[in-house]
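See structure below.
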Amino acid sequence: MADGTAHAGTDAFVEFERVQKSYDGETLVVKDLNLAMPKGEFLTMLGPSGSGKTTCLMMLAGFETATHGEIRLDGAPINNIPPHKRGIGMVFQNYALFPHMSVAENLAFPLEVRQLGKSDREAKIKRALDMVQMGDFGGRRPAQLSGGQQQRVALARALVFEPELVLMDEPLGALDKQLRESLQFEITNLAHELGITTVYVTHDQTEALTMSDRVAVFDDGRIQQLAPPDELYESPQNSFVAQFIGENNTLEGVVQELKDGIAIVRLDDGGLIDAVPVNVAEVGERTLVSIRPERVEHKRERLSPDAHTLKAEVLEFIYMGDQFRTRLRVAGRDDFIVKSRNAQGQDRLRPGETVEIGWLPEDARALDA
Amino acid sequence: MSDAVAGPDQFTGATPDNALRNAERADGPMLAADGRPLKASLARSLRRSKLRALLLIAPLLLFILLTFIAPIADMLFRSVENQIVSETLPRTVIALDKWDGETVPGEPVFLALVGDLNIAVERKAHTRLGSRLNYETTGISSLFRKTGRGVDEIGETAMEQVIGVNALWEEPATWVALMADPDWIEAQAEWAAEETERAEPRFRLNGAVEEALPLSADLYRAFARTIQVEDEDSPTEEEPWPVIYRALVQDLAALGPLPEELAASGVPIASLEEAAGGFLMEDVSAAFLDIDEDWADPEVWGTIEAFSDPYTAGYFLGAIDRQLTPQGIERQPENQRVYGTLFLRTLWMSLLITGSCILLGYPIAWLLANLPVRTANLLMILVLLPFWTSLLVRTSAWKVLLQQQGVINDILVWSGILNDANRLVMINNATGTVIAMTHILLPFMILPLYSVMKTIDPSYLRAAKSLGATNGTAFWRVYFPLSVPGIGAGSILVFILAIGYYITPELVGGTKGVFISNRIAYHISTSLNWGLAAALGSILLALVLLLYWLYDRIVGIDNVKLGG
Chain A
1199 MADGTAHAGT DAFVEFERVQ KSYDGETLVV KDLNLAMPKG EFLTMLGPSG
1249 SGKTTCLMML AGFETATHGE IRLDGAPINN IPPHKRGIGM VFQNYALFPH
1299 MSVAENLAFP LEVRQLGKSD REAKIKRALD MVQMGDFGGR RPAQLSGGQQ
1349 QRVALARALV FEPELVLMDE PLGALDKQLR ESLQFEITNL AHELGITTVY
1399 VTHDQTEALT MSDRVAVFDD GRIQQLAPPD ELYESPQNSF VAQFIGENNT
1449 LEGVVQELKD GIAIVRLDDG GLIDAVPVNV AEVGERTLVS IRPERVEHKR
1499 ERLSPDAHTL KAEVLEFIYM GDQFRTRLRV AGRDDFIVKS RNAQGQDRLR
1549 PGETVEIGWL PEDARALDA
Chain B
12 MSDAVAGPDQ FTGATPDNAL RNAERADGPM LAADGRPLKA SLARSLRRSK
62 LRALLLIAPL LLFILLTFIA PIADMLFRSV ENQIVSETLP RTVIALDKWD
112 GETVPGEPVF LALVGDLNIA VERKAHTRLG SRLNYETTGI SSLFRKTGRG
162 VDEIGETAME QVIGVNALWE EPATWVALMA DPDWIEAQAE WAAEETERAE
212 PRFRLNGAVE EALPLSADLY RAFARTIQVE DEDSPTEEEP WPVIYRALVQ
262 DLAALGPLPE ELAASGVPIA SLEEAAGGFL MEDVSAAFLD IDEDWADPEV
312 WGTIEAFSDP YTAGYFLGAI DRQLTPQGIE RQPENQRVYG TLFLRTLWMS
362 LLITGSCILL GYPIAWLLAN LPVRTANLLM ILVLLPFWTS LLVRTSAWKV
412 LLQQQGVIND ILVWSGILND ANRLVMINNA TGTVIAMTHI LLPFMILPLY
462 SVMKTIDPSY LRAAKSLGAT NGTAFWRVYF PLSVPGIGAG SILVFILAIG
512 YYITPELVGG TKGVFISNRI AYHISTSLNW GLAAALGSIL LALVLLLYWL
562 YDRIVGIDNV KLGG
């Protein structure tokens, strides 16, 4: 699944096939993109800025042309169809509500250019505004609305002409955290209720994980991994994904032994650890082992008797209310984090203390170095 | 206060708590902690910063007051000011009150006029008055000039007869003794003895004489003061004007028994009164007609009467092709109506220039706002380039390009599009003015448009297209309305600059392409009719303000943006 072509086939609603994009003729912003989305899916393009995710969205919307490759919508190539004929709804980061029109006029715009009758228009506008709980705001100007309200209107405007595909370009980026969370929820609900196919671009991984059916992690113009959120978090396919999604501890070393689906890795300072081999094929290869902070155990009795452990020195203990966060020095690195739940009987480690840490072999993943 | 203080609530007077409590309790003004009204406290604390702000703007404020507000106020005043007639011909103006307005006025009017003119000639004011009235009725200027040369001879017959009765009447001293206030004679004698640098005491008239001999006394006083002021001479040494003799004879003829004061003055007036009955009375009006028969023209008198008020609507009437006649307000004869046409042409051509600036400037501004910064900056320099070139050079360049033997015509003829005989006339007419002024004012349209378009987020257009609008619809329904404030700002700038433009129409406008401002300049520098120039300027100002108001009503001035 690493190349994202898993769903390629006739049932795909949106398809990118070997798409490339270059702005200057020298460097590729998007390199060999292959992607297939079934109808009704909520797919998020996640990645750092400059990774090519927004360019992909703009190519899909028709505002950028692909330098190479084909983009298909519902089976038909759309490379040469102008944006206004694609019938794709779009929500912009800055809302892009027309400031000289009222909310209702903004919503009427796509219906008017489609030459719908007045009563039809009014019914649809009312339905769309009610859908985002903005029914009473039809007469207002966008400038009279708060950021969250504007984004709701922008959403309603993108949905009012009942497109089958909706693109959202970091729509919640300008909102504060609380509002963002409630809107995340509303957007996913709406998308699923209406059965719309959604492509959502964000650089916020929490947003990506909580909202999506599948997440495509972009870096360097390629999809690094395309997977459902849980799979992405728990089984990253390479070290970029592992580090980009969630918090992650990495230890560097060489594969010493491969047996029974377990890799024993000798760290650079001599310590031995167990890991699942993901991106390593043979003994002697260099690898980055990634372990999630909440999967690290410092109580010997919770580990299997033959598990490899490492000595660690406690550098810092941070009390965070629902959890503890402990920074350790492990194998010469002093950024090793352990998270533990603030539960009954949980130890509070003191700085200066030396502990032994370990983990279940399946929680450590030996990835590419 | 005999009660013991039991707690904080018992404190009276100014405490913060009490102030707050008072404020809550009373409907009166909110009080500050020290019990003063909060408003006063606030004003006091803001006074310093207000004063500093005032000091900071003071130089500019003064500059604007002196160089902008004051000239405009002066212009507005000049357009109605008309004191010259009533100041130069005060007696005539009063005498004309009883005139019927149709026939030649009677003898009293002419008598008043000869007095006024004698004074005016002495002050050299009659030529100025002549040119002023000449604006209204041509020919008055030369009439006044000519009359000024002969007016000092009117009354000589009377003078000869008076002197014939008694040669003492030739002596200035006789006149002083008759006319002057005894106190003044004393003061004058003292002054003469002193030989100081001080000016002679101002002449004062004997009250009794003024009553008995009103005409001659009034004239003599005017004579004496004019001599004192204009010639820095003394009435004791100057022989009076002939007209005063004439007035004296008239006064004596009208006088009953000689009052005692006059009889006792030691002047041979009694004998003169006796003799006066047999004098040959000179006809003043005939003397005027002798000098110039235009004095028989009621129009001349009508003009004087019509403009005798210190303030007049005459200039404004002139500016709208009307004139003030003795019969009331009338339209100018057809061949003299120019200003209405000029105002309309100025308005129409300014609108045309504004329109062509919008048409030419809009695409450029759009390009500037949407190109990459580096290219846009280069283009911006090209837009600003005209600002760095002299206006005269640019206008002259248009002359080179547009004239009949000029570059454009030559190319058209050379390429066979035009016949040599049919070369286009593109300069020294309205076309030339519109072309050259559009070029010159274009940056004033592009810059505000650009700064407004720069703020229109490209995502609006994208949003419109994603919602199904074609490029055209997206432009007209989304981009264009958002750029209207820029169009508004640019149009106001260009229109107001154009409506008052002077140099370019002057150079390339010929006769058919000049603006009202060229006419104003003509009246300021050539015809010297400043009043009319001021009236035209005031109308122009009012017109601009009116259009501004209309614009505000229709488009709304909040919709004007010069940037961000």
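Sequence lines, in order, name chains A and B.
For the first sequence, this note's numbering gives the first residue as 1199, with consecutive numbering after it.
For the second sequence, this note's numbering gives the first residue as 12, with consecutive numbering after it.
The beta carbon of each residue, even a glycine, is placed where N, CA and C say it ideally should be.
Tell me which same chain residues have a C-beta within less than 8 angstroms of the C-beta of residue i, skipping the five on either side of it?
{"i": "A:ARG1498", "result": "THR1507, GLU1554, GLY1556"}
{"i": "B:GLU241", "result": "GLU133, ARG134"}
{"i": "A:ILE1516", "result": "PHE1522, ARG1523, THR1524, ARG1525"}
{"i": "A:PHE1290", "result": "ALA1352, ASP1367, PRO1369"}
{"i": "B:ILE369", "result": "MET456, ILE498, GLY501, SER502"}
Can you give me the Cβ contacts of residue i inside the same chain, cut-off strictly under 7 angstroms, excluding the 5 residues immediately before and after it?
{"i": "A:THR1386", "result": "PHE1240, MET1409"}
{"i": "B:ALA532", "result": "TYR513"}
{"i": "B:THR357", "result": "ILE510, PHE526, ILE527"}
{"i": "B:TRP377", "result": "MET464"}
Tell me which residues share the same chain as residue i and place their Cβ nearer than 6 angstroms to its Cβ, disregarding the 5 neighbours each side in the sequence.
{"i": "B:THR99", "result": "ALA131, ALA136, LEU140"}
{"i": "A:THR1263", "result": "none"}
{"i": "B:PHE506", "result": "SER361, THR365"}
{"i": "B:VAL260", "result": "ALA169, ALA287, PHE290"}
{"i": "A:GLY1337", "result": "SER1300"}
{"i": "A:ALA1567", "result": "ARG1484, THR1485, LEU1486"}
{"i": "B:THR103", "result": "ALA123, LEU124, ASP127"}
{"i": "B:MET576", "result": "The structure shown does not extend to residue 576 of chain B, since chain B spans only 12 to 575, so no value can be given for it."}
{"i": "A:PRO1426", "result": "ARG1412"}
Quick check on the burial criterion: 16 or more other C-beta atoms within 10 angstroms. Buried or exposed for residue i?
{"i": "B:ASN433", "result": "exposed"}
{"i": "A:HIS1496", "result": "buried"}
{"i": "A:LYS1322", "result": "buried"}
{"i": "B:LEU556", "result": "exposed"}
{"i": "B:THR449", "result": "buried"}
{"i": "B:PRO19", "result": "For B:PRO19, the pLDDT reaches just 46, beneath the cut-off of 50, and the residue's location in the model is therefore unreliable, although a value from the coordinates is still provided. Its Cβ having fewer than 16 others within 10 Å, B:PRO19 is exposed."}
{"i": "B:TRP541", "result": "buried"}
{"i": "B:VAL519", "result": "buried"}
{"i": "B:ARG55", "result": "exposed"}
{"i": "B:TYR322", "result": "exposed"}
{"i": "A:HIS1571", "result": "As displayed, chain A neither begins before 1199 nor continues past 1567, which places residue 1571 of chain A out of reach and without an answer."}
{"i": "B:PRO119", "result": "buried"}
{"i": "B:ARG232", "result": "buried"}
{"i": "B:LYS476", "result": "buried"}
{"i": "A:ILE1535", "result": "buried"}
Return the Cβ separation of residue i and residue j in integer angstroms, given the expectation that the two are a contact with Cβ distance under 8 angstroms.
{"i": "B:LEU561", "j": "B:PHE318", "result": "With 8 angstroms as the limit, B:LEU561 and B:PHE318 do not qualify as a contact, their Cβ atoms being about 35 angstroms apart."}
{"i": "A:LEU1295", "j": "A:ASN1304", "result": "5 angstroms"}
{"i": "A:ARG1319", "j": "A:LEU1309", "result": "4 angstroms"}
{"i": "B:ILE280", "j": "B:LEU269", "result": "7 angstroms"}
{"i": "A:MET1243", "j": "A:LEU1255", "result": "7 angstroms"}
{"i": "B:ALA447", "j": "B:TRP409", "result": "4 angstroms"}
{"i": "A:ASN1436", "j": "A:LEU1565", "result": "6 angstroms"}
{"i": "B:ILE238", "j": "B:PRO246", "result": "5 angstroms"}
{"i": "B:THR515", "j": "B:ILE451", "result": "6 angstroms"}
Going by DSSP, name the residue or residues bridged to residue i.
{"i": "B:PHE486", "result": "Answer is none; B:PHE486 lacks a bridge partner."}
{"i": "A:HIS1266", "result": "A:GLN1218"}
{"i": "A:PHE1240", "result": "A:THR1396"}
{"i": "B:LYS523", "result": "Looking at the DSSP assignment, B:LYS523 forms no beta bridge with any residue, so it has no partner."}
{"i": "A:MET1288", "result": "A:LEU1365"}
(message) Counting only Cβ-Cβ distances shorter than 8 angstroms, please list the residues of the region 485-507 of chain B near chain A, keeping chain order.
(response) ALA485, ARG488, VAL489, PRO492, LEU493
(message) Can you pull out the residues from the region 1258-1288 of chain A whose beta carbon lies closer than 9 angstroms to at least one beta carbon of chain B?
(response) ALA1259, GLY1260, PHE1261, PRO1280, PRO1281, HIS1282, LYS1283, ARG1284, GLY1285, ILE1286, GLY1287, MET1288
(request) Return the residues of the region 444-478 of chain B that lie within a Cβ-Cβ distance of less than 8 angstroms from chain A, sorted by chain order. (result) ASP468, SER470, TYR471, ARG473, ALA474, ALA475, LYS476, SER477, LEU478
(message) Beta carbons nearer than 9 angstroms to chain A: which residues of the region 524-539 of chain B have them?
(response) none
(request) Give, in chain order, every residue of the region 1292-1303 of chain A whose Cβ lies closer than 9 angstroms to some Cβ of chain B. (result) ASN1292, TYR1293, ALA1294, LEU1295, PHE1296, PRO1297, HIS1298, MET1299
(message) Which residues of the region 1319-1333 of chain A have a Cβ closer than 9 angstroms to any Cβ of chain B? Give them in chain order.
(response) none
(message) If the cut-off is 8 angstroms on Cβ atoms, which residues from the region 1305-1318 of chain A count as contacting chain B, listed in chain order?
(response) PHE1307, PRO1308, VAL1311, ARG1312
(request) Please list the residues of the region 1502-1535 of chain A that have a C-beta atom closer than 7 angstroms to any C-beta atom in chain B, keeping them in chain order. (result) none
(message) To be precise: take each residue of the region 1341-1356 of chain A, compare its Cβ to all Cβ atoms of chain D, and keep it if any distance is under 9 angstroms. Which residues remain?
(response) Although the question refers to chain D, the structure presented lacks it and instead comprises the protein chains A and B.
(request) Can you give me, in chain order, the residues of the region 369-386 of chain B that have a beta carbon less than 8 angstroms from any beta carbon in chain A? (result) none
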